[in-house]
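S.K.: In the numbering used here, each number is its position in the sequence shown, counted from 1, plus 97. Glycine is no exception: its CB is placed at the ideal position from the N, C-alpha and C atoms.
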Amino acid sequence: MLHKLTNEQLMIQSMVRDFSRKVVAATAAERDQTKEFPWDNLKKMGELGLMGMMIPPEYEGQGADTISYVLALSEIAYSCASTAVVMSVQNSIVCNSIYQFGTEVQREKFLKPLASGKIIGAFALTEPDAGSDPVRQSTAAVKAGDDYIINGEKRFITSGKNAETIIVTAKTDESKMHKGISAFIVQKGTPGLIVGNIEDKMGLRASDTTDLIFENCRVPKENLLGKEGDGFKIAMTGLDSGRIGIAAQSIGVAQAALDAAVKYAKKRKQFGQPISKFQGLRWIIADMATELEAARQLMFLAASMKDRGEKYTTQASMAKLFASEMVNRLTAKALQIHGGYGFIKDYPVERFYRDARVFTIYEGTSEIQRIVISNNILKDNRSPR
Ligand code: CAA
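Quick look at the structure:
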């Protein structure tokens, strides 16, 4: 950290670390097996103010800064990446989008229960044939009197089954490309909103990832978020903040993997001494710690730029790119240090390795982050700061 953390930031970190390591960690391995959604954890996290951290208190959030948020999210990810992804989507792309683009009525009605953690939210952008290129989505919303009627299919939606409030993007004007995409708030139970296939995933197994099908799903025009045509901007703005969150998740899992590797290496004896005494292994640990620290600093940089109200798109993508690639290298090394024990479920590193795999994919693949970074550098014809 270039600057010292404030007392308040340190207090939040310490409170969440304590909660995460006592409560969240206790059932993480079991949840990975049973795929049970972490309702109990999320309820407690709501009570602790972790589900709408950056939302002002008048909308039942905590009014915390982004640095505090990433510290908290990393601590949850340290124990359970499945719980962390629900927290991340809720805080960034759901709560922040409604706060930033919603009307006063929408903030009262939809944001308050989300920010207080009473309900879970989801953001439905991706489709079976539109992932990296969401402009070419085919879900459409047609105006019908005072309503919009939405038809289409969304895929890989985090919390799709358990969310009460969903922000969904849909085309309102085919001819306008990204300026023809709008965002709508849809509540669970709305006729025509159907939860489809629930994915059976390699990692993050306790977080549900589903298809959402919209079949003549009628929503009142008051549920339009922003103006008609704002949907792509809302998604991109939300993803900027979401990508700092994926960096935070990566850092939490990487720290857990490094700590596990160090603990094991000090205990495990081969050739008459702890394997931590061997230089080959010590150098691996030094590289792991260095890469992790570099990722942490990039995350802090993006978060502090956001807190200062500066444009941080490039730095968010850099933090997401570097941290998500880093955690994949680190969890693989941590598993290798564990030898055969890394490959079995008695030790947590195999879960860390599986959970980390999606971090270079969701909220924009590493390839998309490189597009965002290079576009911004080449556009400005200068280095990003
Ligand atoms: N903030 C605000 N506006 C932005 C923006 C940003 N970060 N980035 C772009 N825009 C705006 C531009 O200003 C432009 O608007 P104007 O025409 O009014 O100037 C418009 O959006 C189009 O910009 P581009 O021409 O740069 O857009 P593009 O079509 O080339 O696509 C892209 C850019 C970066 C490839 C983008 O499509 C992208 O990020 N794709 C990846 C999508 C993604 O991350 N999907 C993940 C799914 S969500 C998920 O995983 C959540 C989950 O559940 C965990």
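The alpha helix (DSSP H) with Arg118 in it runs from where to where?
M.R.: Run containing Arg118: none; DSSP gives neither H nor E here.
S.K.: Flag Ser235 as yes when its Cβ comes closer than 7 Å to any non-hydrogen atom of ligand 2, and as no otherwise.
M.R.: With respect to ligand 2, the structure shown offers nothing to examine, as its ligands consist of ligand 1.
S.K.: Report buried or exposed for Phe368, applying the criterion of at least 16 other Cβ atoms within 10 angstroms of its Cβ.
M.R.: It counts as exposed.
S.K.: Give me the Cα-Cα distance between Ser171 and Asp243, rounded to the nearest whole angstrom.
M.R.: Rounded to whole angstroms, Ser171 to Asp243 spans 43 Å at the Cα level.
S.K.: Nearest by alpha-carbon distance to Asp356: which of Gly160, Met385, Met402, Asn425 is it?
M.R.: When each option's Cα is compared against that of Asp356, the closest is Met385.
S.K.: Tyr245 by DSSP, collapsed to three states: which one?
M.R.: The answer is strand: DSSP assigns Tyr245 an E or B state.
S.K.: Ligand 1 and Glu422: does the residue's C-beta get closer than 7 Å to at least one heavy atom of that ligand?
M.R.: It does not: the Cβ of Glu422 is nowhere closer than 7 Å to a heavy atom of ligand 1.
S.K.: Going by beta-carbon coordinates alone, are Ile509 and Gln234 separated by less than 8 Å?
M.R.: Not covered by the structure: residue 509. The range shown for the chain is 98 to 482.
S.K.: Which of the three DSSP states is assigned to Gly214 in this structure?
M.R.: Residue state, collapsed to three classes: coil.
S.K.: Who are the near neighbours of Pro154 in its chain, counting only those whose CB is closer than 7 Å to its CB and skipping five residues on each side?
M.R.: Closer than 7 Å at the Cβ level, and outside the excluded window around Pro154, lie Gly160.
S.K.: Would you give the residue range spanned by the beta strand (DSSP E) that Lys268 belongs to?
M.R.: Counting along the chain, the beta strand (DSSP E) containing Lys268 begins and ends at 262-268.
S.K.: So the alpha helix (DSSP H) Val316 belongs to, where does it begin and stop?
M.R.: Taken as a continuous stretch (DSSP letters only), Val316 belongs to no alpha helix (DSSP H), being part of the beta strand (DSSP E) at 306-317.
S.K.: Tell me which same chain residues have a C-beta within less than 7 Å of the C-beta of Lys209, skipping the five on either side of it?
M.R.: Cβ within range, chain order: Tyr156, Glu157.
S.K.: Which class does Phe329 belong to by DSSP, given the choice of helix, strand or coil?
M.R.: Correct three-state label for Phe329: helix.
S.K.: Tell me whether Glu144, by its Cβ, gets closer than 7 Å to a heavy atom of ligand 1.
M.R.: Because no heavy atom of ligand 1 lies under 7 Å away, the Cβ of Glu144 does not count as near it: no.
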